[in-house]
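Protein chains in written order, with our numbering: chain Z, 126 to 476; chain C, 126 to 476; chain X, 126 to 476; chain V, 126 to 476.
Beta carbons: idealized from backbone N, C-alpha and C, even for Gly.
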């Protein structure tokens, strides 16, 4: 058996941490050698996530207990909160410059320090790394990712909106000034912190929008859509919370002067014909989040609106998998030279 | 004690039937004297809906067993499927022209026979009644409803979209050619028929759009929006199914050349200042479906989009109450001369 | 119109507080004049529970801001946490001895100071009041409650277990040493505090037992079952958490040397023949929590086991209504001389 | 690469069929060559279960279209309804006696034709095969399964009850006449047929018992418990339906004259020390269904009751995996000579 790559997960007690562990323990080419969780340091992973009871895993440690200079680690997944992340990774790469990093936070997604400061209300503390980081949307930046040391894994909402929109923007198929993205997410997207508004009794059997007009994921959309268009593109984007755990669905309204909905469907079908994780459904068929649960797949559907020149597009993914940890492993596979789909080929768990 | 009005419910074994019974048994001015359910004829209501075990109610009968000419009934709620409805009501009003009717189906909502035929694929079989029927959106047609014999109770999706949009359209505050209504409904909106796609295991922990580009509620929206605007108005409308029982939320994207989101909020606040069942939240606050569950309330929130000239509006209601049976009783109260809010003053059941 | 009684709610920002408000605002004989919530003092109730947006209610204040000696209040509902409660009520009744109190905590349910200390690990600080308090299970202590000043409203699990078991124990119909109560509760029973294990993502789509072998509600069961039997009775009791908001179902296994399951059904049917809030279903029919949601009803079903001499009994109630706030109002009605069912006659909200 | 075994699935359009496909498409040693579904014949699997959109699978055919004599198939999974199954397998094995069969129905689980007839109300039509069939509870019958041609995969409820109880019965550690099994199952256990009582709106936000006193899974429990005890053993067993998709939890009440709860925990821990799919948690820790979702694991917890001599045991599994399709593949692995855990080593999908 070939030598396995040694990987670590910073922030293993959160949901994206658990999802990384779930997928990595069956990955044939890697071995988990480090799990950190500051508040749970000293505990076993099974105490934090009992589903891992049958699995042998490293005991949780605090990040401060790790001696990066001496660590025998090939790649780190960083699943820490925004702002903490940039400090930790700066320290880590300062001491161990050969370790590769896939960061799941928002800290390295924005190229523009000014945009970062505007959206996050403080100066970025690792500007050099911000410059170095490659945006990890594999279907767009595959080649750059292969040789990257630091990859900024895209956000869940933004992955779900970019995959259907980028090919249409690049093909100049849609009106750039009239794009509406109405997005709905399962609760795991909100993380594991104990907040009143996230209690079961507050969330169950109900639905609402949040962050209307000012959700931070917009910054990431602005950047990537504008890059693709070659001019500034700003979309209307409204996130909502669904009474379910996993899954994002984006309903996207676009209009065009020169392309029909069928044309758009053809553009998307062609763009993703050979992609293992993006599937464009037959024209008029709409995707459901439940069919990609626990998988790294994105399903996209296109239908024509009854208003001439308009199309309605729905895209779905699992916010913890393609929207976070699955895509992070997809990035890792490229960075370590493994086949891109290794370890993340599961189909959705339905029902 | 005053004499109570005698009411009957056709189609009592469906969800809107049960919701009518739930609300009417505590209504001080009416008495339920007739419940029909063809396939459950001969059974007690508690066998069909066990929550009524503690309540004395008429035994279920089939419609054919009712002798309308001799029936001592003041008002009928008709909660039958589309198409069947027009035949039943034509027969009923033919034999008992003094009975008042609130119809919860779509059969009498469209004024234009051609529009009906286009959307429902067959000719309307009660054209005279279609002409007579008053559209029962109380906040708009209150005066006409008071003297109506036949009221067409509005659809759930359409009530939720009309209440926030009509005042803006009438005030010429928004661009009529660029309205997007992204609507999400709980499962009770789909009724009680046993279909695979409505099974718990198919619906739970997932989300999807349906009827994209061709949902029949659009016909009703077209009619009322166009009437309000004085010209044809067609909106983009996409319904989705939520993994929960009750509640509709419409996320509405509008733009304006001359009005700000704050202006729109002011227009809506003024329009509904004295309405008992429509509440406009403080600017920027967004409503949640859970807070109107089981109540006849509609909550509306307005927020400005970051794109200049655009606003995002959310409205919520309970599809079985304000979206169906509660609004039907609101109509009944007007038709029978009772205070409009009698029997439907409950606030939402949360949590 | 007669003068309305003035009532206050201590702890209005929790779920039982909200449920009290929901029911009391439509109660014809009372007026809410005081709402306290220490951490939310100064806010409006609608900020804490937006469903009350359409209702005029007193602003939330802190308990310390209330001058009990001068307060013009007839009855207080106390929905505060255990231990805090006894201090607050002692102070309140010390300063305003004519105010009546319905306490929803566990603080005054146990008669025996030693039992209290054993289960709650500290001495009771209001022993005189503990002695005075009447246990508020209306179906058993109706007469005493009518003249009580301080009523200890029973727990949700214990109400659900006592109503089916007490008549059988009193009739000496079952073996007292072999009773199993397997209880399942919706999440609102766990309250509104922000704890990781109560997050939607932790609770949804799963099920588990908790407090196995040592849940505090056992103390209350021991007391009431032993009183009914005239000897010590201890049952096996296991609580579980359901992925839903409201409802408790207790599955109870009993055996008998001399009575059949049919006999037990007859005993229960007779015991509750005239009770407005307890309904024994036809023999062999089993109750569902959903049919009592939001109502003050308890439904009980009895079926014979295939093992000779054993019966399986299921009872259901809504933990926030008959299990807490509804029963508290039932107690209030008796204490203030109103008809027992006033304001709590709603049937279950289903679907 | 070694030659892969060729397998087929009869009844691929049901939930256990889909679960088999989900697990088998990542199994390194098998290839799916046949999928039948009579009512969906001619369709692709993705039309029935869209999660398989990314996977190449055989088109669905009807069973009658299969020529068993010529079929190049090593093993068949039969996921057909009870009664149909015995006819289909009799025909199949008559024409192709070398094909191995794992049957997921109840048709071959009972050894005694009289018991079969008593519980299923008709004579068994394949008595020879009933005699031949090996009961597929791997942890008990591993050796016999290795050489079996026809394996009767155990029921979901019964697997969940047998795994914790059999070692205790065999060790004579518990009173055989006083065992209570209170079982709760997710909705997928009820299958995919369109029935009113299985609609989302009927199931969501509620809980109830069903089949009380007469559920057919009891026959299987009677047989295996009696075999283990060497005398007749009949337990009290009550199934309930949970508002969630996957998972069974059995709460088991046992008592003993000579063993403590700690002793029982030790017996179970020893019995399953080397089992890959059964994990006994530390004493006093209770399992949750969510932690085994989508996995082939069973978790067991033991706690002492406060009543001397009694213990409370909880066991959990995923009814579609260890309770059906996962265990079927575990059986297949043994029958085809593969390592027992191949293809079913996933841990639970949580959250």
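- The beta carbon of residue 241 (chain X) sits closer than 6 Å to those of 235, 249, all from its chain and outside the five residues before and after it, given in chain order.
- Residues 405 of the same chain have their beta carbon placed closer than 7 Å to that of residue 394 (chain X), with the five preceding and five following residues left out of the count.
- Here residue 271 (chain Z) carries a helix assignment [DSSP, helix/strand/coil].
- Using beta-carbon distances, residue 281 (chain X) does not count as an interface residue toward chain V, since no partner is under 8 Å.
- Neighbours of residue 172 (chain C) in chain Z, taken as residues at a C-beta separation under 8 Å, are lacking, since the least C-beta distance is about 26 Å.
- Cβ contact annotation for residue 389 (chain X) (same chain, cutoff 8 Å, sequence separation greater than five): 293, 298, 299, 379, 381, 427, 436, 438, in chain order.
- Residue-level contact check: residue 237 (chain X) does not touch chain V, since none of the beta carbons of chain V fall below 8 Å from its beta carbon.
- Rounded to the nearest whole angstrom, the CA to CA distance from residue 410 (chain X) to residue 410 (chain Z) is 43 Å.
- DSSP lists C:131 as the bridge partner or partners of residue 156 (chain C).
- Shown here for residue 174 (chain V): same chain residues with a beta carbon closer than 7 Å to its own, the five before and five after excluded, namely 143 in chain order.
- Contacts with chain V at 8 Å (Cβ-Cβ) include residue 330 (chain Z).
- Interface annotation for the stretch 317-346 of chain C against chain V: 317, 318, 319, 320, 321, 322, 323, 324, 325, 326, 327, 328, 329, 330, criterion Cβ-Cβ distance under 9 Å.
- Here residue 232 (chain Z) is buried: its Cβ has 16 or more other Cβ atoms, across all protein chains shown, within 10 Å.
- Taking a 10 Å sphere around the C-beta of residue 256 (chain Z), we find fewer than 16 other C-beta atoms and assign the residue as exposed.
- In chain order, 133, 134, 137, 142, 146, 170, 182, 183, 184, 185, 186 place their CB closer than 8 Å to the CB of residue 160 (chain X), counting only its own chain and leaving out the 5 sequence neighbours on each side.
- Rounded to whole angstroms, the gap between the alpha carbons of residue 199 (chain C) and residue 365 (chain C) is 38 Å.
- Per DSSP, reduced to three states, the secondary structure at residue 205 (chain V) is coil, with no helix or strand assignment.
- Distance between residue 243 (chain V) and residue 341 (chain V), taken at the CA atoms: about 10 Å.
- In the DSSP assignment, residue 142 (chain Z) falls outside any beta strand (DSSP E) and within the unbroken alpha helix (DSSP H) covering 140-149.
- Chain-order list of chain Z residues neighbouring residue 313 (chain X): 326, by C-beta distance under 8 Å.
- Look at residue 168 (chain X) here: in three-state DSSP terms it is coil, with no helix or strand label.
- Using a Cβ-Cβ distance cut-off of 8 Å, the stretch 354-368 of chain Z and the stretch 262-272 of chain Z are not in contact, since fewer than three pairs of beta carbons, one from each stretch, lie closer than that value.
- Assignment of residue 472 (chain X) by DSSP, reduced to helix, strand and coil, places it in the coil class.
- For residue 251 (chain X), same chain residues with a beta-carbon under 7 Å away, outside a window of 5 residues either side, are 211, 214, 215 in chain order.
- Under DSSP, the beta-bridge partners assigned to residue 375 (chain C) are C:308, C:440.
- Residue environment analysis places residue 128 (chain C) among the exposed positions, since fewer than 16 neighbouring C-beta atoms fall within 10 angstroms of its C-beta.
- For residue 297 (chain Z), no beta strand (DSSP E) segment is defined, and its DSSP state is neither H nor E.
- Against chain C, the CB of residue 370 (chain V) has a partner CB under 8 Å away; the residue lies at that interface.
- Segment contact: the stretch 312-331 of chain Z against the stretch 318-327 of chain X, three or more CB-CB distances shorter than 8 Å; contact assigned.
- Listed along chain X are 151, each with a C-beta nearer than 7 Å to that of residue 470 (chain C).
- Among the residues facing chain V, residue 288 (chain Z) is not included, as its CB has no counterpart in that chain under 8 Å away.
- For the stretch 130-156 of chain V, the set of positions with a beta-carbon nearer than 8 Å to some beta-carbon of chain Z reads 140, 143, 147, 150, 151 in chain order.
- Excluding its 5 nearest sequence neighbours in each direction, residue 305 (chain C) has C-beta neighbours in its own chain below 6 Å: 361, 378, listed in chain order.
- Residue 342 (chain V) sits in a helix when the DSSP states are folded into three classes.
- Rounded to the nearest whole angstrom, the CA to CA distance from residue 207 (chain X) to residue 348 (chain X) is 18 Å.
- DSSP places residue 186 (chain V) within a strand segment (E or B) once states are collapsed to three.
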